[in-house]
Amino acid sequence: MRTAIFPGSFDPFTKGHAALVEQALLLFDKVVIAIGENVNKNSLLKAEERERLIRDYYTDNPKIEVIRYSTLTGDIAREVGATAIIRGLRNTIDFEYERTMAQANRRIFPELQSVMLFTPAEVSDISSSTIRELLAFGRDVSELMPEGVRLENYLTKE
Ligand code: PNS
């Protein structure tokens, strides 16, 4: 069985991320969506809220696993038995960043393949940071979220 890991901050998981998962499932039997728990105090969603959102979206899909991690991506990839790290490319800015990260990962984890997938054009303008910004100005972001996901259901009011 071929397993890939799809790591990211997913703050929040977007329609663009969902499109990449769909593509990855054409190549791999199982995709482990791994939420990197970087200590970012300015995040929109807590790690557990991000996890709940993604789990709810993929509920009943046996090919998807959702985990949180705070190690190197390569270490968690090894742990879950993944042979590939999936990342999405929207533009040349992504490309430069991803190339550097893929090279760093290859140096430390030579057995892991970084697999780049082009984000479909119709969602390639979507980013988690755009969603956060629009939300901060009170705008509706439902069109940028995966089908049927209501972000407000995952925001903990404090
Ligand atoms: O959604 P993002 O913010 O682009 O995701 C970044 C993430 C979590 C994939 C990246 O920061 C990461 O892999 N962090 C763990 C540390 C690591 O393994 N870095 C790459 C090798 S130096």
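According to our numbering, the sequence shown holds residues 4 to 161 in order. In this text, a Cβ means the ideal position worked out from N, Cα and C, and glycines have one as well.
1) Tell me which residues share the same chain as arginine 71 and place their Cβ nearer than 7 Å to its Cβ, disregarding the 5 neighbours each side in the sequence.
2) Any heavy atom of the ligand PNS inside 8 Å of the beta-carbon of serine 117?
3) Kindly give me the distance between the Cβ atoms of valine 34 and phenylalanine 9, rounded to whole angstroms, as I take these residues to be in contact under 8 Å.
4) Can you give me the Cβ contacts of leucine 66 inside the same chain, cut-off strictly under 7 Å, excluding the 5 residues immediately before and after it?
5) In the DSSP assignment, what residue or residues form a beta bridge with serine 117?
6) Going by C-alpha distance, which of Leu75, Leu48, Leu47 and Tyr60 is nearest alanine 22?
7) Quick check on the DSSP output: the alpha helix (DSSP H) that includes tyrosine 60 runs from which residue to which?
8) Opposite lysine 66 in the DSSP bridges: which residues?
9) Any chance the CB of phenylalanine 31 is under 8 Å from a heavy atom of the ligand PNS?
Working from what's here:
1) Ile38, Glu40, Ala50 and Glu54, listed in sequence order.
2) Serine 117: no, Cβ never under 8 Å from the ligand PNS.
3) So it is a contact: roughly 5 Å between Cβ atoms.
4) It is worth fixing the name first, because residue 66 is lysine in this sequence and not leucine. Taking lysine 66 as the centre and dropping the five residues before and after it, the same chain places the C-beta of Leu28, Asp32, Lys33 and Val34 closer than 7 Å to its C-beta, in chain order.
5) In DSSP, serine 117 forms a bridge with Ile88.
6) Here the closest residue by C-alpha is Tyr60.
7) Tyrosine 60 -> alpha helix (DSSP H) spans 50-60.
8) Answer is none; lysine 66 lacks a bridge partner.
9) Not so, every heavy atom of the ligand PNS lies at least 8 Å from the Cβ.
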